[in-house]
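Quick notes on the structure that follows.
Right, here's the structure in full:
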């Protein structure tokens, strides 16, 4: 029956997008159809039961829990998933987290079964943001978002650096590469590099680095509601500080 | 540039899933890559600007607006999209709506460009519900939902009929057919026939028709907030009654 379940996938891998509505966060589950090894990207503490139920229903075994960065708006489920499944936690080495098992370097690949996912350093939203390439999909975290970009006004954020990360790294991928962001606040689920180069209101459509920096400097956003709880917790892989 | 934008799709068709958070409704945009003709399924009045912007960015032309049924929780954007784009509106003939251009029959196909979508009558949640088959995807509206089923306590709903529709029609598709529902309240975006047959808590996992009817009779749900506004409006294709 497990094979019938997984036979749904016309490719050799499994892909699920999941949404956490309170903070509009996307979590991604990626698996290897052959060996059933899997990874989860940016899981949220509040939806960990839902996500682990799906992992179990699909007959998967989690090898890694990856965070694209130290989130400020929600608490990661990384430590909780490690505790419950034995999966190793991974985040950019630039985050300098003692709690994490794998300190990812730029261009490092993680293998699960016959599949590989590649980490790409894209700082700017925070100083330790990474994007991840898997087949024709880019998981861009809060760096490149659909027609938008992650804010750059805390956690060592830098508009100039974010512009360079997106233009010199992400926009160098082919137009047909799919973009799966860490959040979307308008109910959009996916984009492509081609669409973002042409229509992204902050980073694309011919905007210069100076124009981007000016846009970002004038956003005047309120701080994320949970930042004072989320950042300290996420610096401990999602365990609330004692 | 338009061709670069559409070259993203490794198949001959375009597929976008969009989410309306207030009523947790999914809208689907399907297009023919060759001719740029497209259809939109279950659009919501509140998100019509977002959806038509995407249609325009992709260089598509809408041929049809389809509703899976007369919705009780939100107002359809069908009339508004017809007004703004010239697309024809379509819904089951069983809904007996005077406002609609195409009264769909069971197994009727609608052609847009080189693509076809097939209507499949699946009454039960309402008496005029249809599901739609497009390539390996089933758009199940409020009939079969992820690990769940549409309620059956108004609009001529019938638990027995819904069970028959799902078991005698939808569950006859291969396990690998993807299921895209009309709503999801838990942040899930997609399932498969195989997963639902095995794990659907109401309709699958060996539940008999009698067990399903008992589950549905005991849900004791409050009426949808907007039902008294949405149903009269949707009986006019989404124009609020004067």
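Residue numbers (our numbering), protein chains in the order written: chain P, 48 to 289; chain W, 48 to 289.
We put the beta carbon where it would ideally sit given N, CA and C, even for glycine.
DSSP three-state assignment for residue i, whether helix, strand or coil
{"i": "residue 279 of chain P", "result": "helix"}
{"i": "residue 234 of chain W", "result": "coil"}
{"i": "residue 183 of chain P", "result": "coil"}
{"i": "residue 119 of chain P", "result": "coil"}
{"i": "residue 139 of chain W", "result": "strand"}
{"i": "residue 80 of chain P", "result": "coil"}
{"i": "residue 50 of chain P", "result": "Low per-residue confidence applies at residue 50 of chain P: pLDDT is 47, beneath 50, and the placement is therefore not dependable, though the value from the model is reported in the following sentence. The answer is helix: DSSP assigns residue 50 of chain P an H, G or I state."}
{"i": "residue 157 of chain W", "result": "strand"}
{"i": "residue 207 of chain W", "result": "helix"}
{"i": "residue 212 of chain W", "result": "helix"}
{"i": "residue 191 of chain P", "result": "strand"}
Residue i, enclosing beta strand (DSSP E) - first and last residue
{"i": "residue 147 of chain W", "result": "Here residue 147 of chain W belongs to no beta strand (DSSP E), and DSSP marks it neither H nor E."}
{"i": "residue 246 of chain P", "result": "Where residue 246 of chain P is concerned, there is no enclosing beta strand (DSSP E), although the alpha helix (DSSP H) it sits in stretches over 240-246."}
{"i": "residue 65 of chain W", "result": "60-67"}
{"i": "residue 110 of chain W", "result": "108-113"}
{"i": "residue 272 of chain W", "result": "Taken as a continuous stretch (DSSP letters only), residue 272 of chain W belongs to no beta strand (DSSP E), as it is neither H nor E."}
{"i": "residue 168 of chain W", "result": "162-168"}
{"i": "residue 91 of chain P", "result": "From DSSP, residue 91 of chain P is part of no beta strand (DSSP E); its letter is neither H nor E."}
{"i": "residue 286 of chain P", "result": "Element bounds for residue 286 of chain P: n/a, residue is neither H nor E."}
{"i": "residue 221 of chain P", "result": "First-last for residue 221 of chain P: undefined, no H or E at that position."}
Min CB distance residue i to chain W below 8 angstroms
{"i": "residue 271 of chain P", "result": "no"}
{"i": "residue 67 of chain P", "result": "yes"}
{"i": "residue 115 of chain P", "result": "no"}
{"i": "residue 233 of chain P", "result": "yes"}
{"i": "residue 55 of chain P", "result": "Here the model assigns residue 55 of chain P a pLDDT of 49, short of 50, so the residue's position is not dependable and the matter cannot be decided."}
{"i": "residue 362 of chain P", "result": "Residue 362 of chain P is absent from the model: chain P starts at 48 and stops at 289."}
{"i": "residue 220 of chain P", "result": "no"}
{"i": "residue 181 of chain P", "result": "no"}
{"i": "residue 104 of chain P", "result": "yes"}
{"i": "residue 94 of chain P", "result": "yes"}
{"i": "residue 236 of chain P", "result": "yes"}
Residue interval of the alpha helix (DSSP H) (run including residue i)
{"i": "residue 103 of chain P", "result": "95-104"}
{"i": "residue 125 of chain W", "result": "125-132"}
{"i": "residue 256 of chain P", "result": "256-264"}
Residue nearest to residue i in terms of C-alpha spacing, selected from the options
{"i": "residue 71 of chain W", "options": "W:91, W:87, W:62 and W:77", "result": "W:91"}
{"i": "residue 159 of chain W", "options": "W:86, W:118 and W:179", "result": "W:86"}
{"i": "residue 281 of chain W", "options": "W:107, W:217 and W:124", "result": "W:124"}
{"i": "residue 183 of chain W", "options": "W:239, W:266 and W:67", "result": "W:239"}
{"i": "residue 269 of chain P", "options": "P:120, P:132 and P:106", "result": "P:120"}
{"i": "residue 197 of chain W", "options": "W:171, W:211, W:207 and W:222", "result": "W:171"}
{"i": "residue 173 of chain P", "options": "P:156, P:195 and P:115", "result": "P:115"}
{"i": "residue 177 of chain W", "options": "W:143, W:139, W:261 and W:271", "result": "W:139"}
{"i": "residue 84 of chain W", "options": "W:255, W:133 and W:107", "result": "W:107"}
{"i": "residue 152 of chain P", "options": "P:122, P:113, P:245 and P:213", "result": "P:113"}
{"i": "residue 38 of chain W", "options": "W:73, W:167, W:67 and W:149", "result": "The structure shown does not extend to residue 38 of chain W, since chain W spans only 48 to 289, so no value can be given for it."}
{"i": "residue 247 of chain W", "options": "P:129, P:59, P:104 and P:95", "result": "P:104"}
{"i": "residue 214 of chain W", "options": "W:111, W:187 and W:181", "result": "W:187"}
{"i": "residue 75 of chain W", "options": "W:95, W:81, W:82 and W:58", "result": "W:95"}
{"i": "residue 15 of chain P", "options": "P:192, P:66 and P:79", "result": "Given that chain P is displayed from residue 48 to residue 289, the structure contains no residue 15 of chain P and the question cannot be resolved."}
{"i": "residue 260 of chain P", "options": "P:252, P:93 and P:199", "result": "P:199"}
{"i": "residue 64 of chain P", "options": "P:109, P:285, P:58 and P:101", "result": "P:101"}
{"i": "residue 165 of chain W", "options": "W:137, W:276 and W:192", "result": "W:137"}
Closer than 8 angstroms to chain P by CB, residue i
{"i": "residue 242 of chain W", "result": "yes"}
{"i": "residue 198 of chain W", "result": "no"}
{"i": "residue 59 of chain W", "result": "no"}
{"i": "residue 169 of chain W", "result": "no"}
{"i": "residue 279 of chain W", "result": "no"}
{"i": "residue 97 of chain W", "result": "yes"}
{"i": "residue 123 of chain W", "result": "no"}
{"i": "residue 246 of chain W", "result": "yes"}
{"i": "residue 64 of chain W", "result": "yes"}
{"i": "residue 70 of chain W", "result": "no"}
{"i": "residue 48 of chain W", "result": "Only weak support exists for where residue 48 of chain W lies, its pLDDT of 39 falling under 50; the coordinates are left without a value."}
{"i": "residue 143 of chain W", "result": "no"}
Cβ separation of residue i and residue j, assumed to be a contact under 8 angstroms, to the nearest whole Å
{"i": "residue 175 of chain W", "j": "residue 117 of chain W", "result": "7 angstroms"}
{"i": "residue 190 of chain P", "j": "residue 217 of chain P", "result": "7 angstroms"}
{"i": "residue 223 of chain P", "j": "residue 234 of chain P", "result": "23 angstroms between Cβ atoms; not a contact."}
{"i": "residue 195 of chain P", "j": "residue 249 of chain P", "result": "6 angstroms"}
{"i": "residue 185 of chain W", "j": "residue 220 of chain W", "result": "6 angstroms"}
{"i": "residue 109 of chain P", "j": "residue 134 of chain P", "result": "4 angstroms"}
Closer than 9 angstroms at the beta carbon, the chain B residues around residue i
{"i": "residue 158 of chain P", "result": "Reference to chain B is not applicable here, since the protein chains of this structure are P and W."}
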